[in-house]
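Each residue of the sequence shown is one higher than the last, beginning at -15 in this note's numbering.
Glycine included, every Cβ here is placed at the ideal spot set by N, Cα and C.
Have a look at the structure below, then the notes.
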Amino acid sequence: MTDSTKPKKKIRARHFIETFATSGFVLGCSFLQGVILARLLGPDGRGDYAAIILWPTALANIGLFGTNYVIGRISAKEVELGDLLRGGVVLAGITSVITALLGYLLLPYLIPPDKHHILQLARFFLIYIPVYQIAANLAAIDQGSGNFSRGNFIRAIQSPVLISFLILIILLKLHNLLWFVSAMFLSFSFVTMGRLVLLVKEHSIKGGLYPLTRIVRDSFSFGLVGLAAQAYQYIDRILLLWLLQPQSMGFYVVGLSIGAVLRSITGSMAHVSFTITAQAEVSEGFNRVSSIFRKAAIAMFFCGGVLAVLIPFLLPLVYGSKFKGAVLPSILLIFGSIFAGFCLLLDTCMRGQGKPFAGLIGRVVAIIIMVIAGYPFRIFGATGIAISFVLGQIGYLITMFFQLVGHYKNAKLSDFLPRLSDAVDILNVFKRTVKTIWLRISDLAGVK
């Protein structure tokens, strides 16, 4: 075995703890970032900013065509990661150029005519695509190989870098949307370069490439599913872009940012669970999947209930009185985000098992429900789109339950129901997480 060959890493509880601790830090930074943007831009400006970055970010994901998932699965096995690293970077360079060129041509048709005042900035932000696709392939290598420490470190520094740029914008009084869009691009570029440097130190930049044709061939099914995945991920904001005004988009994205607090819980679990299921034999390991789901359900419904009660008081206080109209959409999106988090967790587990089509039907169901419900509910503004979002996630989740039960051996729907022992396990993980954070703070402060 060469230096660049990585054996499978056993996924332990500390990987969950580290990932949760990182997610907590990232959430705090993301929350601060969202508040700064809302305070500086107001509802209309925040809506325009969301509309500007909408299509470039969606196209960046579509353009990967599932190659990052294939790279993640390959790195989960015992392979030469140096070849895979170099191949992933080269492949991202190719796919990103194609994606950006197509995006430049399509944007005038993807943005409604009455909002073409954002077209130039949306085209400018297409430079984000190469950086994002390189980062996605590099992250897949860390995730698949079980290198959670490096992955968590990179995730942790991205938001602080963006916040630093936003503070600079405040100090220089540069409130044009161009500067906010540039700040996002520069912060992501900085972090991507950092991840690349760390990987190159471990694996030489010189050497062969993992066969690109093999990655592309194996990514075909993931890419097709990815089209539905991106439509599912962005359909609510696309509806807002075409049916409503920027203010409604501004209210809605504030609600989404609050819901992200809950999605991060299952996001962290999904991040680790992908490696668990990728390393397991086909149709094996359902006990771990169902256990992770039950714990996520308890944690998310508890946190969601508390958050929903606090929102009417805290949202106007934190974001400003101009965002009072975001209160009801935010409450709805809290629970919509809970169901969306469940879907993400179960879908990621099935992807780890090499079943990218498992979530396809669920996403299609969600998209259909959101479109059908969103059009008539548009009369309620951001609240109406939030209602359609919740209904779509419920439809997706029901579909995923049946997909998992059909795939795994001896799986039953009742296995997803939370148990008292799950609550005890969550409490123990919480205690260990607090202890881990305290020990790290003590180390940094020099306290023994």
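Going by C-alpha positions, N136 is about 42 Å away from P360.
One Cα belongs to F319, the other to T176, and the distance between them is close to 32 Å.
For C13, the CB contacts under 7 Å within the same chain, skipping 5 residues up- and downstream, are S143, P144 and I147 in chain order. Per DSSP, L110 is not a residue of any alpha helix (DSSP H), being assigned neither H nor E. For S321, the enclosing alpha helix (DSSP H) has its first and last residue at V311 to G336. In its chain, beyond the 5 residues on either side, S267, M334, Q337, K339 and A342 have a beta carbon closer than 8 Å to the beta carbon of H391.
Pairing A124 with I55 gives a Cβ-Cβ distance under 8 Å. As the crow flies, the alpha-carbon of S248 is around 6 Å from that of S7. Segment contact: the stretch 25 to 36 against the stretch 92 to 107, three or more CB-CB distances shorter than 8 Å; contact assigned.
Between F386 and L397, the alpha-carbon positions lie close to 8 Å from each other. In terms of Cβ geometry, V273 and T261 form a close pair [threshold 8 Å]. In the three-state scheme derived from DSSP, where H, G and I count as helix and E and B as strand, F341 is classed as coil.
The beta carbons of F307 and L299 sit closer together than 8 Å.
Look at the beta carbons and you see the stretch 370 to 384 touching the stretch 313 to 329: at least three pairs across the two are nearer than 8 Å. Its chain contains G50, Y53, V54 and P340 as the residues whose beta carbon lies nearer than 7 Å to that of F206, once the 5 sequence neighbours on both sides are disregarded; these appear in chain order. Residue burial is scored here from C-beta neighbours: I353 has at least 16 other C-beta atoms within 10 angstroms and is therefore classed as buried.
Secondary structure in the stretch 163 to 216: no beta strand (DSSP E) run of 3 residues or longer lies completely within the stretch. For Y88, the enclosing alpha helix (DSSP H) covers residues L65 to L94.
Within the same chain, F270, S274, L388 and V389 come within 8 Å of A395 by CB-CB distance, once the 5 residues on both sides are set aside.
When only Cα atoms are considered, F364 and S305 end up about 20 Å apart. The alpha-carbon of A140 is positioned some 14 Å away from that of L16. Residues F323 of the same chain have their beta carbon placed closer than 7 Å to that of I378, with the five preceding and five following residues left out of the count.
Straight across, the Cα-Cα distance linking K415 with M168 is about 35 Å.
Under the three-pair Cβ rule at 8 Å, the stretch 68 to 76 counts as touching the stretch 183 to 200.
In the structure shown, L161 falls within a helical segment according to DSSP collapsed to helix, strand and coil.
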